[in-house]
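Okay, so the sequence shown: first residue is 1 according to UniProt numbering, each after it adds one. Report on the structure given below.
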Amino acid sequence: MADAQPAPAQPAAPEPGPSTSPAPPPPPPPPPPPAQDNDGDAHMANGDAPEEDPKEQLPEGASEVLYVNNLNEKIKLPIMKQSLKVLFREYGHVLGITAHSNVRMRGQAFVTLDSKEAAAKAVTEVQKFPLYGRAMQLAFARTESDILVQKRKPDAMDEHKKERLERKKESRRNDPARRKKLAQRAAAKQAAETGVAPVAAAATAPRRIVQMPDEYLPPNKILFVQNLPDDTTKEKLEALFRPYPNLLEVRTIPGRRNIAFVEFEDESSSAVARDALHNTKFGTADDGTTDEGLKIKVTFAKKG
């Protein structure tokens, strides 16, 4: 009878005893995958709150369009726009810059960035930054810029332009300088129709400040001084302007004691004197009292 083949050797089971080490515990189950809501945003299954959306941190009224004012009006417009672009591109892509040289918009600009987050950061960090010697003032614009509407809502561009033009017309209607100009035209027309010039009645009226829209004239090293008392002399004017540096000359007009020209070496020096002396009281009235009529008017002289 053939010998039986031995069965394959099986590993011996460990014998129980005090020296036997316990089996290691099974590994913990993997954490469940994050659950998704209907919007596709992932939330942790263990109830942890999701990270706060940075957009929720935006200040109220935040906009991609920034309104910048108190800009140095002496800087040429192309140079100012390029400087603003270089400054604000540190915060995001600059989509456009709008600035004009007319009286109503002088010293102001609108800067459009590519996101509200970039604009909000710029408002915080660039506020009162001294650009060309003037501390800039920033705020969020109340309306969208053309370039932003064209990029995001091109179908609404026509309506946007229509609304913007309506706001512009309303602003012009309420502009004090324009109202004053229209009133002057109406007075001149009435004088032409009646044959009585308005200055005839004003000849005996008390002295008043000569109101002219020349506060908006560009800088000039020569100042035009108006509304001077009748007893004004060249010596008195020199004493008034001498404390301000770089004074060159005071020129009075023969037969016109109520006006004069004062020249400085440069525009920055004349600007200091203008800002300090405009609307200050100088001299006394005929009856020895001071009143509104004796506040002198100091402005830049017209060039050319």
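Backbone N, C-alpha and C define an ideal beta-carbon position, used for all residues, glycine too.
Same chain, Cβ closer than 6 Å to residue i, five either side skipped, listed in chain order
i	result
GLN137	ASN69, ASN70
ALA119	GLU64, LEU66, LEU113
GLN127	LEU138
LYS116	LEU58, ALA62, GLU64
CA nearest to the CA of residue i, picked from the options
i	options	result
LEU237	ASN258, LYS74, LYS221, LEU217	ASN258
PRO78	LEU148, VAL272, GLY107, ALA273	GLY107
ARG242	SER270, TYR132, VAL111	SER270
ASN72	ALA99, ALA62, ARG89	ALA99
THR232	ALA120, GLU64, VAL250	VAL250
ASN279	MET80, VAL272, ASN227	ASN227
ASN220	GLU235, PHE300, LEU95	PHE300
MET80	ASP275, GLN57, GLU144, PHE110	PHE110
THR252	GLN184, GLU235, GLU267	GLU235
THR143	GLU163, PHE129, ARG134, GLY255	GLU163
ALA273	ARG104, LYS303, LEU240, PRO229	LEU240
PRO229	LEU294, GLU159, LYS303	LEU294
THR124	TYR91, ARG152, LYS153	TYR91
Min CB distance residue i to chain D below 8 Å
i	result
PHE129	In summary, chain D is missing from the structure at hand, where a single protein chain is found.
Beta-bridge partners of residue i, as assigned by DSSP
i	result
GLY96	THR112
ARG134	LEU131
TYR67	PHE110, ALA139
ALA260	VAL225, THR252
PHE300	LEU223
LEU247	PHE264
Residues near residue i in its chain [Cβ-Cβ closer than 7 Å; skip 5 each side]
i	result
PRO245	SER269
ASP155	none
ASP266	LYS221, ASN246
LYS85	VAL94, ILE97
PHE88	VAL94, VAL111, LEU113, ALA122
ARG134	ASN70, LEU71, ASN72
Euclidean distance between Cα positions of residue i and residue j
i	j	result
ASN102	VAL225	24 Å
PRO297	LYS121	The question names Pro, but residue 297 is Lys in the sequence shown. Whole-angstrom Cα-Cα distance: 42 Å.
LEU247	PHE282	19 Å
residue 305	LEU165	The requested residue 305 does not occur in the structure, where the chain is confined to residues 1 to 304.
GLY61	ASP275	35 Å
ALA260	ALA188	27 Å
PHE264	LEU277	14 Å
LYS302	LEU223	9 Å
ARG256	LYS180	26 Å
8 Å CB neighbourhood of residue i in its chain, flanking five on each side removed
i	result
SER83	ILE75, LEU131, TYR132
MET105	ALA99
Outcome for residue i when other beta-carbon atoms lying within 10 angstroms are tallied against a minimum of 16
i	result
VAL262	buried
ILE97	buried
LEU182	exposed
ALA186	exposed
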